[in-house]
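Q: Pasting in a structure now, in structure tokens, and then I'll have a few things to ask.
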Amino acid sequence: MKVIVIGAGIGGLAASIALRQDGHDTVVYERVSDLRPVGAAISVWSNGVKVLAKYGLLDRVKRVSGMMERMAYRQWDNGDVYCDFDLNPLYEEAKMRAYPIARSELQAMLLDANKPAPVHLSKTAVSYETTAEGVTVHFHDGTSDTGDFVVISDGTHSKLRNQITGTSIVRDYVGYVNFNGAIEKSKLGHLLPSDTWTQFVGDGKRVSFMPMSDTHFYFFLDVTTPTGTTPSDSAQWKPFLAEYFSGWAQAVQTLIAEMDVGRVARVEIHDTQRLPTLIDREGGRALIIGDAAHATSPDIGQGGCQALEDTFVVQRLLRKHGLSGKASGRPTTEALRGVLDEYEALRADRCAVLVQRARQRSNITHRLGDPKETEAWYEELKAEDGKGIMSGILKTILSAPKELDE
């Protein structure tokens, strides 16, 4: 079966890898002219790591990722520890570690694993059409390609997603801007433990340091503000952040002073409401994965993980319905509809719940909802021994597809 994959992000490349693993022919199309990862790093939690392991990438993940042994919350101004706990009990129950990883490293390993399948750049998909024999995708430059099936993974501005849903999906601004990048651990000296995900919180703001490698922290600073009100000119970022986080702990001040703004990403955080559907049941040959299907805020660390889960579910459903790459003949629309129906049933509810959970977490962390809830959370952190926080994380991880543990 020939599968056309639209989008060369985490979801698109992982989908191509998964399908090639089963003998399908894949071709990936990407709208940008240069594959540059958005953001410095990503926290791949245990459920996402299990998917990468299924695709034979665990050893490489281990080699290039950070070792995150502990999690700590600290008071915003004096750096006093609210709570500090070992994450290994979580990893043991989840049967897999979490691995913070540079997005450039993750992208490189996915591109390598996808070879020799072609990845075509500067190709924006604008529409598609289906017949009983296949599906044809049309691009902005007047070209087209025909295959048996299409996986739509081209992000929150996807035109093909809008074609499937029959409406123009509008992103919702969550309420904060995330400035993120990487900083050498040595620049923070003795201020932070190198193996701990440390978060400074207070006044509805957050600054985070996550070990993304042996030598670097992945950092992000969250600025709660109406959309379009933070400076877009990177030359203004340091003075802006210095004022916004005035009086914060020394680690935060050092970060702002030492950061290389030329390597910092400024991201206005958006999510999307639940889509009317994730599949084109009538045409029978297209489905949506990743941010195109369920864009989420990063507040529970599941955006990339859910894209990976999507790809794993697609792979397993094609196997279940006898549509391996080695199957004789071309797949019928009716056979593919069976895959689509099960994909919708397995993914729509789970992803919608997690998008909402991330939004609720964001509202509390960034004081975007009831301010009393945020203040109550700060008090809870002071009494936290880690069990409550890890229980919440495990609730998400352990509701992943059970086949990941096989």
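Just so you know, UniProt numbering puts 33 at position 33 of the sequence shown, and the rest follows in order with no gaps.
Backbone N, C-alpha and C define an ideal beta-carbon position, used for all residues, glycine too.
1) Beta carbon of residue 153, beta carbon of residue 304: below 8 Å?
2) For residue 274, which residues in the same chain have their Cβ closer than 6 Å to its Cβ, ignoring the five residues on either side in sequence?
3) Regarding residue 298 and the ligand ZN, is the C-beta to nearest heavy atom distance less than 7 Å?
4) Compare the beta carbon distance of residue 41 and residue 265 with 8 Å and say whether it is the shorter of the two.
5) Quick one, which of 167, 90, 146 and 126 has its alpha-carbon nearest residue 4's?
6) For residue 50, I'd like the list of residues in its chain whose CB is within less than 6 Å of its CB, leaving aside the five on either flank, ordered along the chain.
7) Can you confirm whether the stretch 105-117 touches the stretch 13-20 when touching is taken to mean that 3 or more C-beta pairs between the two stretches lie within less than 8 Å?
8) Measure the Cβ-Cβ separation of residue 301 and residue 83 and say whether it is below 8 Å.
9) What residue from 243, 45 and 134 has the CA that sits closest to residue 69's CA?
10) Which residue from 258, 62, 360 and 173 puts its Cα closest to that of residue 189?
11) State yes or no: is the C-beta of residue 207 within less than 8 Å of the C-beta of residue 245?
12) What are the complete alpha helix (DSSP H) segments, minimum 4 residues, inside the stretch 326-390?
13) Along the chain, where does the alpha helix (DSSP H) that runs through residue 159 open and close?
14) Tell me whether the beta-carbon of residue 136 lies closer than 8 Å to the beta-carbon of residue 291.
15) Out of 73, 282, 93 and 78, which one is the CA nearest neighbour of residue 85?
16) On the DSSP letters alone, give me the boundaries of the alpha helix (DSSP H) that residue 311 sits inside.
17) When you compare each of 174, 80 and 159 to residue 168 by their alpha carbons, which one comes out closest?
18) Can you round the beta-carbon distance between residue 309 and residue 400 to whole angstroms, since I take them to be within the 8 Å contact cut?
19) Any idea if residue 117 is buried or exposed, counting beta-carbon neighbours within 10 angstroms, 16 or more meaning buried?
20) Are the beta-carbon atoms of residue 134 and residue 374 separated by less than 8 Å?
21) How many Å lie between residue 297 and residue 268 at the Cα?
22) Specify the secondary structure class of residue 201 as computed by DSSP and reduced to three states.
23) Give the straight-line distance between the Cα atoms of residue 423 and residue 367, rounded to the nearest whole angstrom.
24) With distance defined between alpha-carbon atoms, name the residue in 106, 176 and 393 nearest to residue 87.
25) Within 10 angstroms of the Cβ of residue 109, are there 16 or more other Cβ atoms? Answer buried if so, exposed if not.
26) Name the residue from 229, 254 and 144 whose alpha carbon lies nearest to the alpha carbon of residue 186.
27) Look at the alpha carbon of residue 31 and the alpha carbon of residue 212, and state the distance between them as a whole number of angstroms.
28) Bridge partners of residue 288, per DSSP?
29) Could you give the distance in angstroms between the alpha-carbon of residue 79 and the alpha-carbon of residue 350?
30) Is residue 260 helix, strand or coil by DSSP?
31) In chain order, which continuous runs of the alpha helix (DSSP H) of length 4 or greater are located wholly inside the stretch 9-33?
32) Quick one: is residue 236 buried, meaning 16 or more other Cβ sit within 10 Å of its Cβ, or exposed?
33) Assuming residue 317 and residue 282 are in contact, meaning their beta carbons sit under 8 Å apart, how far apart are those beta carbons, in whole angstroms?
34) In whole angstroms, what is the alpha-carbon distance linking residue 26 and residue 20?
35) Would residue 180 and residue 219 be called neighbours here (beta carbons separated by less than 8 Å)?
36) Count the other CB atoms within 10 Å of the CB of residue 43; is the residue buried (16 or more) or exposed (fewer)?
A: The structure says:
1) Stepping through the sequence shown from its first residue, residue 153 is reached at position 153. Stepping through the sequence shown from its first residue, residue 304 is reached at position 304. It is not a contact, given that the beta carbons lie outside the stated cut-off.
2) Counting from 1 along the sequence shown, the entry for residue 274 is found at position 274. 352.
3) Looking for the ligand ZN in the displayed structure turns up nothing, as the structure carries no ligands at all.
4) The residue you call residue 41 lines up with position 41 of the sequence shown. The residue you call residue 265 lines up with position 265 of the sequence shown. Their beta carbons are not under 8 Å apart, which means residue 41 does not touch residue 265 by this criterion.
5) Walking along the sequence shown from the start, residue 4 turns up at place 4. Selected option, being the one with the closest Cα: 146.
6) Along the sequence shown, one-based indexing puts residue 50 at 50. Excluding positions up to five away in sequence, the list reads 96 and 404.
7) yes
8) Reading the sequence shown from its first residue, position 301 is the one you call residue 301. Reading the sequence shown from its first residue, position 83 is the one you call residue 83. No.
9) Position 69 of the sequence shown holds residue 69. Residue 45 is the option with its Cα nearest to residue 69.
10) Stepping through the sequence shown from its first residue, residue 189 is reached at position 189. Of 258, 62, 360 and 173, the residue nearest in Cα terms is 258.
11) To locate residue 207, count along the sequence shown from 1; it is residue 207. To locate residue 245, count along the sequence shown from 1; it is residue 245. Yes, Cβ-Cβ distance for residue 207 and residue 245 is below 8 Å.
12) 333-365 and 371-383
13) On the sequence shown, position 159 is the one that residue 159 refers to. Unbroken alpha helix (DSSP H) run through residue 159: 159-165.
14) Indexing the sequence shown from 1 puts residue 136 at position 136. Indexing the sequence shown from 1 puts residue 291 at position 291. No, Cβ-Cβ distance for residue 136 and residue 291 is not below 8 Å.
15) Position 85 of the sequence shown, counted from the first residue, corresponds to residue 85. Checked all of 73, 282, 93 and 78; the closest Cα to residue 85 is 73.
16) Residue mapping note: residue 311 aligns to position 311 of the sequence shown, counting from 1. Taken as a continuous stretch (DSSP letters only), the alpha helix (DSSP H) holding residue 311 covers 303-320.
17) Taking the first residue of the sequence shown as 1, we reach residue 168 at position 168. For the residues 174, 80 and 159, the minimum Cα distance to residue 168 belongs to 159.
18) Taking the first residue of the sequence shown as 1, we reach residue 309 at position 309. Taking the first residue of the sequence shown as 1, we reach residue 400 at position 400. Their Cβ separation, rounded to whole angstroms, is 6 Å, which keeps residue 309 and residue 400 in contact under 8 Å.
19) Taking the first residue of the sequence shown as 1, we reach residue 117 at position 117. Residue 117 is buried by the Cβ-count criterion.
20) Here residue 134 is taken as the residue at index 134 of the sequence shown, counted from 1. Here residue 374 is taken as the residue at index 374 of the sequence shown, counted from 1. Taking 8 Å as the Cβ cut-off, residue 134 and residue 374 do not qualify as a contacting pair.
21) Numbered from 1 along the sequence shown, position 297 holds the residue referred to as residue 297. Numbered from 1 along the sequence shown, position 268 holds the residue referred to as residue 268. Going by the C-alpha atoms only, they are around 10 Å apart.
22) Your numbering for residue 201 matches position 201 in the sequence shown. Residue 201 falls in the strand class under three-state DSSP.
23) An answer regarding residue 423 cannot be provided, because it is not within the stretch 1 to 406 covered by the chain.
24) The residue you call residue 87 lines up with position 87 of the sequence shown. Per the Cα distances, 393.
25) Here residue 109 refers to the residue found at position 109 of the sequence shown. Residue 109 comes out buried.
26) Walking along the sequence shown from the start, residue 186 turns up at place 186. For residue 186, the nearest C-alpha among the options comes from 254.
27) As a first step, residue 31 must be located in the sequence shown, where it is residue number 31. As a first step, residue 212 must be located in the sequence shown, where it is residue number 212. Approximately 28 Å, taken between the alpha carbons.
28) Your numbering for residue 288 matches position 288 in the sequence shown. Residue 288 pairs with 152.
29) Walking along the sequence shown from the start, residue 79 turns up at place 79. Walking along the sequence shown from the start, residue 350 turns up at place 350. About 37 Å.
30) Working through the sequence shown from its first residue, we reach residue 260 at position 260. DSSP places residue 260 in coil when its eight states are reduced to three.
31) 10-21
32) As a first step, residue 236 is located in the sequence shown; it is residue number 236 there, counting from the start. That one is exposed.
33) Working through the sequence shown from its first residue, we reach residue 317 at position 317. Working through the sequence shown from its first residue, we reach residue 282 at position 282. Residue 317 to residue 282, Cβ: 19 Å. No contact.
34) The residue you call residue 26 lines up with position 26 of the sequence shown. The residue you call residue 20 lines up with position 20 of the sequence shown. So the two alpha carbons sit approximately 7 Å from each other.
35) Stepping through the sequence shown from its first residue, residue 180 is reached at position 180. Stepping through the sequence shown from its first residue, residue 219 is reached at position 219. Cβ distance < 8 Å, so residue 180 and residue 219 count as in contact.
36) Locating residue 43 in the sequence shown gives position 43, where the first residue counts as 1. By the neighbour-count rule (16 or more Cβ atoms within 10 Å), residue 43 is buried.
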